[in-house]
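Position one of the sequence shown corresponds to residue 1166 (my numbering), numbered consecutively onward. Backbone N, C-alpha and C define an ideal beta-carbon position, used for all residues, glycine too. Just so it is clear, the structure is predicted and the values come from calculations on it, not from any experiment.
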Amino acid sequence: MKSQKINRNKHLHVRLTPEEYQKLHHQFTTSSSQKFSEHIRKILLDKPIKMYHRNQSTDDLMAVLIVLKDELNAIANNYNQVVKKLHMLNNKSDLSGWISLNEIGRKALNEKITEIKEKISQINDKWLQE
């Protein structure tokens, strides 16, 4: 059964100060409403409004974790390429080149692991202070 579309054809014009408008717009951005007019209708008609509350430290953590995830994906991709090259080697002279290439990748991996540990430690210290 299809729901009928509500045809809203009545207009309401309201004048606001910039501060009033900013307050309403800020409420809208933290609500679950998709459109500003929908949010204002809920306020005017005393309908419940779902508000989202964000934790800044969690947002900061997520930003750092996203960057670290991308870096780990890049390292994993490079490692897969090195292993594919190993499987394609035919003679021992190629093996010495692969070993040096693998050593460069291993050093990069160790640096990233150290960086990840430092970031986790910084986040942990910050979290424990709060």
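Can the beta-carbon of T1194 be found closer than 8 Å to that of M1216?
Here T1194 is not near M1216, since their CB atoms are 8 Å or more apart.
Do E1236 and K1277 have their C-beta atoms closer together than 8 Å?
Inclusion of E1236 and K1277 in the CB contact set at 8 Å is warranted, their separation being smaller than that value.
Beta-carbon gap between W1263 and L1254 smaller than 8 Å
Going by beta carbons, W1263 and L1254 fall inside the 8 Å limit.
Is the beta carbon of L1226 closer than 8 Å to that of I1288?
Cβ atoms of I1288 and L1226: closer than 8 Å.
For R1173, which of R1206, S1258, S1261 and K1291 has the nearest alpha-carbon?
Distance from the Cα of R1173 is smallest, within the candidate group R1206, S1258, S1261 and K1291, for R1206.
Are the CB atoms of V1247 and L1266 nearer to each other than 8 Å?
Cβ atoms of V1247 and L1266: closer than 8 Å.
DSSP three-state call for M1216: helix, strand or coil?
Three-state result, M1216: strand.
Between which two residues does the alpha helix (DSSP H) harbouring K1207 extend?
First-last of the alpha helix (DSSP H) with K1207: F1201 to L1209.
What three-state label does DSSP hand S1196 in the structure shown?
Strand at S1196.
By alpha-carbon positions, which one of G1270, S1198 and V1179 ends up nearest to I1214?
Here the closest residue by C-alpha is S1198.
Here's the rule I'm using: 16 or more other beta-carbon atoms within 10 Å means buried, otherwise exposed. How should H1204 be labelled?
Buried, because 16 or more other Cβ atoms sit within 10 Å of the Cβ of H1204.
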